[in-house]
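See structure below.
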Amino acid sequence: MPELPEVFVVSKFLKKEAKGQTIEDIVVRYSKMMDESMRKKLIGQTINDIETHGKYLIFKLTDYDLISHLRMEGKYYVSDPDVINKHDHVIFYLTDKVLKYNDVRKFGTFDLREKSQTYKIPPLSKLAKEPFEIDLDTFYAAIKKRRSPIKTILLNQGIIAGIGNIYADEILFQAKIHPLKIANTLTKKQAQTIIASSIDILTRAIKKGGTTIFSFKSDEEVGWFTQDLMVHTKANEPCKICQTKIGKIKVNGRSTYFCSHCQRM
DNA sequence: CCCGTGCCCTGGCGGC
DNA sequence: TGCCGCCAGGGCACGG
820 MPELPEVFVV SKFLKKEAKG QTIEDIVVRY SKMMDESMRK KLIGQTINDI
870 ETHGKYLIFK LTDYDLISHL RMEGKYYVSD PDVINKHDHV IFYLTDKVLK
920 YNDVRKFGTF DLREKSQTYK IPPLSKLAKE PFEIDLDTFY AAIKKRRSPI
970 KTILLNQGII AGIGNIYADE ILFQAKIHPL KIANTLTKKQ AQTIIASSID
1020 ILTRAIKKGG TTIFSFKSDE EVGWFTQDLM VHTKANEPCK ICQTKIGKIK
1070 VNGRSTYFCS HCQRM
């Protein structure tokens, strides 16, 4: 499931494939994904650039910004125009190629904004800064007034942007903090450690994804692979640091993996 | 404002 | 072999 590193890698792919191309036509195969008024506005627009903010992709067009969220399984790929795959929902006919948005679960979203409104209304108006830019005092102030588990806080895009369920577990493991630790009991030092671990893990994941970018296809995963993970999906396996069995619990309905010895309340 | 729950979706898998 | 129920999860609406 795409988190900040995967979205960043996708944006690199899109810059390579779609930057400078004009949208000549669009075929929408699942109407809830994109309505007709959006489709009409997009036709004739040139893709001048692709930016990212957290898990969002932002296509910078001639007159609008197109905000794309991949959610769990959304992906973009370029392929033979004659081949339509089962979960291709939006097909962009560009100047000299066909770009497809494929999404098995249909959870992905498209939002079109006037350029002046992009960051003024949802979804981007509510988005916090990414770990790379976030200010420690701001982050710590947000934490101090929350009574939820820290895991829940890391998934809150309005507090810190770009972290999803997989990297949240990995970040807390590296920071040696228990996922159920209540946010407002953290010290400023621990908040700082969380930010540092976030930057470290996201950066390493981006580098990892970057190695597969040139062979990117719809059915290839980007980002971290299972052997890079320390705790996520490792239930009952020995912790790579202390050999304690990795535990699995639910935090706010999300599967959460942790080491009860390395990560303290 | 904060916090928890249910919903959107499909495919894969365990159980029988 | 097939069917059923559950699980995966990001963001949002909605209730307390």
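Numbered by the working numbering, the letters in the first sequence go through residues 820 to 1084 in order. Where a beta carbon is used, it is the ideal one built from N, C-alpha and C, also for glycine.
*In the stretch 963-1036, which residue ranges form an unbroken alpha helix (DSSP H) of at least 4 residues, counting only runs that do not cross its ends?*
969-974, 984-994 and 1007-1029
_So the candidates are Ile1001, His906, Val847 and Leu931; which of them puts its Cα closest to the Cα of His888?_
Along the first sequence, read from residue 1 onward, the residue named residue 888 stands at position 69. The shortest C-alpha separation from His888 is found at Leu931.
*Please classify Glu822: does DSSP put it in a helix, a strand, or coil?*
Taking the first residue of the first sequence as 1, we reach residue 822 at position 3. Correct three-state label for Glu822: coil.
*Can you list, in chain order, the residues of its chain whose CB lies under 8 Å from that of Ala1010, leaving out five sequence neighbours each side?*
On the first sequence, residue 1010 is found 191 positions in, with the first residue counted as 1. Only Leu955, Phe958, Tyr959 and Ile962 meet the Cβ criterion.
*How do the stretch 884-898 and the stretch 914-924 stand: do at least 3 beta-carbon pairs fall below 8 Å, yes or no?*
yes
*Residue range of the alpha helix (DSSP H) that Ser856 falls in?*
Residue numbering aside, residue 856 sits at position 37 when the first sequence is read from its first letter. Where Ser856 is concerned, the enclosing alpha helix (DSSP H) stretches over Glu855 to Leu861.
_Just to confirm the assignment, what range does the beta strand (DSSP E) spanning Tyr849 have?_
By one-based count along the first sequence, residue 849 stands at place 30. Here Tyr849 belongs to no beta strand (DSSP E), and DSSP marks it neither H nor E.
*Please go through the same chain and pick out, in chain order, the residues whose beta-carbon is closer than 7 Å to the beta-carbon of Thr971, but skip the five residues on each side of it.*
Here residue 971 refers to the residue found at position 152 when the first sequence is read from its first residue. Excluding residues within five positions, the ones whose Cβ falls inside 7 Å are Val1070 and Asn1071.
*Report yes if the CB atom of Leu943 is closer than 8 Å to the CB atom of Gly977, and no otherwise.*
If you number the first sequence from 1, residue 943 lands on position 124. If you number the first sequence from 1, residue 977 lands on position 158. No; because the gap between Cβ atoms is not below 8 Å, this pair is not in contact.
_Counting C-beta neighbours from all protein chains within 10 Å, is the total for Thr914 16 or more, i.e. buried, or is it exposed?_
Position 95 of the first sequence, counted from the first residue, corresponds to residue 914. Exposed, because fewer than 16 other Cβ atoms sit within 10 Å of the Cβ of Thr914.
*Please classify Glu836: does DSSP put it in a helix, a strand, or coil?*
As a first step, residue 836 must be located in the first sequence, where it is residue number 17. Here Glu836 sits in helix by DSSP.
*Beta carbon of Lys831, beta carbon of Ile866: below 8 Å?*
Translated into the one-based positions of the first sequence, residue 831 becomes position 12. Translated into the one-based positions of the first sequence, residue 866 becomes position 47. Contact: no.
*By how many angstroms is the C-alpha of Gly1066 removed from the C-alpha of Ser1074?*
Position 255 of the first sequence, counted from the first residue, corresponds to residue 1074. Position 247 of the first sequence, counted from the first residue, corresponds to residue 1066. Taking the straight line from one Cα to the other gives about 10 Å.
*Name the two residues that bound the continuous beta strand (DSSP E) containing Asp868.*
Here residue 868 is taken as the residue at index 49 of the first sequence, counted from 1. Ile866 to His872 is the span of the beta strand (DSSP E), which, as asked, contains Asp868.
*From the DSSP output, which residues share a beta bridge with Tyr959?*
Stepping through the first sequence from its first residue, residue 959 is reached at position 140. None; Tyr959 has no bridge partner.
*Report the three-state DSSP secondary structure of Phe929 (helix, strand or coil).*
In the first sequence, residue 929 corresponds to position 110, counting from 1. Reduced to three states, the DSSP call for Phe929 is strand.
*With which residues is Asp884 paired in a DSSP beta bridge?*
Along the first sequence, one-based indexing puts residue 884 at 65. Bridge partners of Asp884: Lys879 and Arg932.
*Starting from the Cα of Ile842, find the closest Cα among Tyr849, Arg858, Thr1022 and Lys835 and give me that residue.*
The residue you call residue 842 lines up with position 23 of the first sequence. Among Tyr849, Arg858, Thr1022 and Lys835, the Cα nearest to that of Ile842 is on Arg858.
*Boundaries of the beta strand (DSSP E) in which Phe1044 is found, first to last residue*: What you label residue 1044 is simply residue 225 of the first sequence in a count that begins at 1. Segment: none, Phe1044 is in no beta strand (DSSP E) and carries neither H nor E.
*DSSP state of Val829 mapped onto helix, strand, coil*: Numbered from 1 along the first sequence, position 10 holds the residue referred to as residue 829. DSSP places Val829 in the helix class (H, G or I) of the three-state scheme.
*May I ask you to report which of helix, strand or coil DSSP gives Ser944?*
The sequence position of residue 944 within the first sequence is 125, counting from 1. Of the three classes helix, strand and coil, the one that applies to Ser944 here is helix, per DSSP.
*For Lys1053, count neighbouring C-beta atoms within 10 Å of its own C-beta (all shown protein chains included) and say buried if the count is 16 or more, exposed if not.*
Sequence index remark: in the first sequence, residue 1053 carries index 234 (1-based). The residue in question, Lys1053, is buried, as its Cβ has 16 or more Cβ neighbours within 10 Å.
*Which residues in the same chain have their Cβ closer than 8 Å to the Cβ of Ile990, if we skip the five residues on either side of it in sequence?*
Translated into positions along the first sequence, residue 990 becomes position 171. Result list for Ile990: Leu973, Ile982, Ile1013, Ser1016, Ser1017 and Ile1020, in chain order.
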